[in-house]
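Novice:
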Amino acid sequence: MSVTYPDAKGRFGDFGGKFVPETLMAPLQEIEASLTEALQDEDFIAAFQHELKTYGGRPTAFTYANQLTESLGGAQIYLKREDLNHTGAHKLNNAIGQALLAKRMGKTKIIAETGAGQHGVASATVAAKLGLECKVFMGEKDIERQELNVFRMKLLGAEVIPVSSGSKTLKDATNEAIRHWVAHCDDEYYLIGSVVGPHPYPKMVRDFQRVIGDETKTQYEDVKGGLPDRIFACVGGGSNAIGMFYPFLGTGVELVGIEAAGRGIQSPEHAATLTKGTPGIIHGSMTYLLQDEFGQITEPYSISAGLDYPGIGPEHAYLHASKQVRYESITDDEALEAIKTLSRTEGIIPAIESAHAVAQAIKEAETMEPSESIVINVSGRGDKDMSTIMKYFEGSAEHGE
Numbered sequence: 194m195s196v197t198y199p200d201a202k203g204r205f206g207d208f209g210g211k212f213v214p215e216t217l218m219a220p221l222q223e224i225e226a227s228l229t230e231a232l233q234d235e236d237f238i239a240a241f242q243h244e245l246k247t248y249g250g251r252p253t254a255f256t257y258a259n260q261l262t263e264s265l266g267g268a269q270i271y272l273k274r275e276d277l278n279h280t281g282a283h284k285l286n287n288a289i290g291q292a293l294l295a296k297r298m299g300k301t302k303i304i305a306e307t308g309a310g311q312h313g314v315a316s317a318t319v320a321a322k323l324g325l326e327c328k329v330f331m332g333e334k335d336i337e338r339q340e341l342n343v344f345r346m347k348l349l350g351a352e353v354i355p356v357s358s359g360s361k362t363l364k365d366a367t368n369e370a371i372r373h374w375v376a377h378c379d380d381e382y383y384l385i386g387s388v389v390g391p392h393p394y395p396k397m398v399r400d401f402q403r404v405i406g407d408e409t410k411t412q413y414e415d416v417k418g419g420l421p422d423r424i425f426a427c428v429g430g431g432s433n434a435i436g437m438f439y440p441f442l443g444t445g446v447e448l449v450g451i452e453a454a455g456r457g458i459q460s461p462e463h464a465a466t467l468t469k470g471t472p473g474i475i476h477g478s479m480t481y482l483l484q485d486e487f488g489q490i491t492e493p494y495s496i497s498a499g500l501d502y503p504g505i506g507p508e509h510a511y512l513h514a515s516k517q518v519r520y521e522s523i524t525d526d527e528a529l530e531a532i533k534t535l536s537r538t539e540g541i542i543p544a545i546e547s548a549h550a551v552a553q554a555i556k557e558a559e560t561m562e563p564s565e566s567i568v569i570n571v572s573g574r575g576d577k578d579m580s581t582i583m584k585y586f587e588g589s590a591e592h593g594e
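Just add 193 to wherever you are in the sequence shown, counting from 1, and you've got the working numbering.
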């Protein structure tokens with residue numbers, strides 16, 4: 194199958210595009226032209242791959258989860274270990290690519306937004322590595338939830354700008370980052386952290402993240418031969434999932450994206466944009482989002498600071514509408530239980546975001562045959578979430594036992 198999206202207008206079927214103020218059209222066209230040129234430049238590609246290998250730590254490990262597999266008695270379970278990337282998550286892949294592009298464009302400053310903090314840390318890290326100034330916009334609620342990552346960003350030399358509007362989370366941080374960029378786009382580059390926003394960002398982030406799926410294909414072939422039966426990845430904006438899924442589209446592998454159901458999709462407290470959302474425009478692109486009958490964005494909820502975004506990348510909206518990827522949802526309680534399970538069977542503490550994928554995979558693996566196999570993308574490690582995880586289990590009846 195030939196995957197040709199987005200089209201020349203940045204559309205993935207009915208989704209994507211550029212819905213931005215006139216003042217941002219020229220900067221976006223500059224980025225698109227520079228990206229097209231860079232991706233055809235062997236020296237740029239070589240520099241990107243060099244940094245991924247010698248700085249990022251790629252290829253990341255591909256781990257057989259033998260004890261989890263045996264405990265469930267179903268499909269063979271493999272883990273793609275993006276948690277072992279430098280800075281602890283897949284976010285670094287994209288940050289390296291965009292920072293190299295910014296430098297190639299002659300920009301000296303980057304701005305970024307972050308929810309869980311991992312993209313902020315990745316942006317601050319590459320800015321330090323490449324000698325760029327860095328501002329990171331972050332909601333006050335996320336600053337409180339991700340105190341350790343805020344300290345890491347500051348230690349790396351970034352300025353963290355608190356955002357107190359709205360729900361004080363990722364949506365509001367993104368709004369403020371866009372407002373700032375409109376006024377400073379002459380010398381600043383906006384380093385978006387997921388496959389969201391106006392064209393060319395969804396395509397660019399996907400292309401920098403597809404290394405996850407490309408490596409998985411090779412590693413699975415080396416270990417088992419052929420292709421796995423199913424692949425699972427969590428979805429907020431959707432960068433780790435699209436990076437994993439893209440090389441497998443059209444291959445016959447069943448792809449499963451997992452949204453945050455929060456306190457349940459029958460309650461108003463969730464972030465299940467595909468399960469409960471409707472098409473609309475957010476942050477410059479047409480996609481599925483959570484909105485009321487008047488088109489006003491409604492507040493998402495998830496215990497995970499990385500998943501409580503009211504929209505989703507437009508390519509995921511297209512893959513959902515065209516039924517090329519199946520999307521499911523997992524509650525806070527199910528995700529936290531999966532953290533406990535993976536920690537105690539494999540000695541791996543995943544990020545809360547990643548635990549959503551682990552929880553859905555556990556549900557399905559035990560119903561599959563031992564001759565089948567699955568891959569879970571462990572997109573990040575749980576260190577950053579320790580405070581949230583500790584509070585959850587201290588407040589639960591089981592106290593983590």
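Glycine included, every Cβ here is placed at the ideal spot set by N, Cα and C.
Using the C-alpha atoms, what's the distance from D335 back to M579?
Specialist: Roughly 14 Å separates the two Cα atoms.
Novice: Relative to the alpha-carbon of G477, which residue among G332, G588, A295, P391 has its alpha-carbon at the smallest distance?
Specialist: Cα-wise, what sits closest to G477 is P391.
Novice: By Cβ distance below 7 Å, which residues in the same chain neighbour P220 in space, the five residues on each side in sequence not counted?
Specialist: Within the same chain, P220 has close Cβ partners C378.
Novice: Take L535 as the anchor and find which of F212, V356, T262, Y502 has the nearest alpha-carbon.
Specialist: Ranking the options by Cα distance to L535, first place goes to T262.
Novice: Pull up the distance between the alpha-carbon of G504 and that of I569, whole angstroms please.
Specialist: Between G504 and I569, the C-alpha separation is close to 23 Å.
Novice: At the level of alpha carbons, what is the spacing between E333 and G203?
Specialist: Their backbone Cα atoms lie some 33 Å apart in a straight line.
Novice: Can you give me the C-alpha to C-alpha distance between L529 and E223, rounded to a whole angstrom?
Specialist: Their Cα atoms are separated by approximately 43 Å.
Novice: Report yes if the CB atom of E508 is closer than 7 Å to the CB atom of I435, and no otherwise.
Specialist: Taking 7 Å as the Cβ cut-off, E508 and I435 qualify as a contacting pair.
Novice: Since M479 sits in a beta bridge, which residues does DSSP pair it with?
Specialist: Note: M479 sits in a beta bridge opposite G209, I474.
Novice: Do A305 and G313 have their C-beta atoms within less than 7 Å of each other?
Specialist: Against a cut-off of 7 Å, the Cβ pair of G313 and A305 comes out as a contact.
Novice: Helix, strand or coil for Q233? Go by DSSP, reduced to three states.
Specialist: The answer is coil: DSSP assigns Q233 none of H, G, I, E or B.
Novice: Between G290 and the rest of its own chain, which residues show a CB-CB distance below 7 Å, the 5 nearest in sequence each way excluded?
Specialist: F241, F401, listed in sequence order.
Novice: Measure the alpha-carbon distance for Y585 versus I532 and round it to whole angstroms.
Specialist: Near 12 Å, if we compare the C-alpha coordinates of I532 and Y585.
Novice: Can you find at least 3 beta carbon pairs, one from the segment 552 to 567 and one from the segment 476 to 490, that sit closer than 8 Å?
Specialist: Touching, no.
Novice: Mind reading off the beta-carbon distance from V449 to R519? Whole number of angstroms is fine, and I expect it under 8 Å.
Specialist: About 5 Å; that satisfies the 8 Å criterion.
Novice: Give the secondary structure of H484 by DSSP, where H, G and I count as helix, E and B as strand, and everything else as coil.
Specialist: Checking the sequence shown, residue 484 turns out to be Gln, not His. Reduced to three states, the DSSP call for Q484 is strand.
Novice: Relative to the alpha-carbon of L482, which residue among G470, T411, T581 has its alpha-carbon at the smallest distance?
Specialist: The shortest Cα separation from L482 among G470, T411, T581 belongs to G470.
Novice: Only counting the same chain, and skipping five residues up and downstream in sequence, which positions put a Cβ closer than 8 Å to that of Y248?
Specialist: Correct list, in chain order: H279, I289, K322.
Novice: Considering just the uninterrupted stretch of the beta strand (DSSP E) at Y382, what are its terminal residues?
Specialist: Here the beta strand (DSSP E) through Y382 covers 381 to 383.
Novice: Alpha carbon to alpha carbon, how far is N368 from G210? Give it in angstroms, no decimals.
Specialist: G210 and N368: Cα-Cα distance of roughly 18 Å.
Novice: Locate the beta strand (DSSP E) running through R574, then write down its first and last residues.
Specialist: No beta strand (DSSP E) contains R574, which DSSP labels as neither H nor E.
Novice: My output table needs one value for G593: the three-state DSSP class, helix, strand or coil.
Specialist: Because the pLDDT at G593 is just 38, under 50, the model does not fix this residue reliably, and the value given afterwards should be weighed accordingly. G593 falls in the coil class under three-state DSSP.
Novice: Count the other C-beta atoms from every protein chain shown that fall within 10 angstroms of the C-beta of L348, then say buried if there are 16 or more, exposed otherwise.
Specialist: Burial call: exposed.
Novice: Would you mind giving the Cβ-Cβ distance between K302 and E381, rounded to the nearest angstrom? I have them listed as a contact below 8 Å.
Specialist: With a Cβ gap of about 4 Å, K302 and E381 count as contacting.
Novice: Are any of the Cβ atoms in chain C nearer than 7 Å to that of I541?
Specialist: Among the chains in the structure shown there is no chain C, since it carries only a single protein chain.
Novice: Use the C-beta contact count for N259: other C-beta atoms within 10 angstroms, 16 or more gives buried, fewer gives exposed.
Specialist: That one is exposed.
Novice: According to DSSP, simplified to helix, strand and coil, what is R204?
Specialist: It is a strand residue.
Novice: If I follow the unbroken beta strand (DSSP E) through S522, where does it start and stop?
Specialist: Segment 519 to 524, the beta strand (DSSP E) holding S522.
Novice: Here's a check: name, in chain order, each residue in its chain whose Cβ is nearer than 6 Å to the Cβ of P252, leaving out the five neighbours to either side.
Specialist: Same-chain partners within the cutoff: E408.
Novice: Among P543, E352, S316, G299, whose alpha-carbon lies nearest the alpha-carbon of K273?
Specialist: Comparing Cα-Cα distances from K273 to each of P543, E352, S316, G299, the minimum goes to P543.
Novice: Buried or exposed: where does S564 fall if 16 or more other Cβ atoms within 10 Å of its Cβ makes it buried?
Specialist: Label assigned to S564: exposed.
Novice: Leaving aside the five residues before and after M194 along the sequence, list all residues of the same chain whose C-beta is less than 7 Å from its C-beta, in chain order.
Specialist: Only weak support exists for where M194 lies, its pLDDT of 45 falling under 50; the coordinates are left without a value.
Novice: In its own chain, which residues sit with a C-beta less than 6 Å from the C-beta of S495, not counting the 5 before and 5 after it?
Specialist: A453, G455, A464, D501, listed in sequence order.
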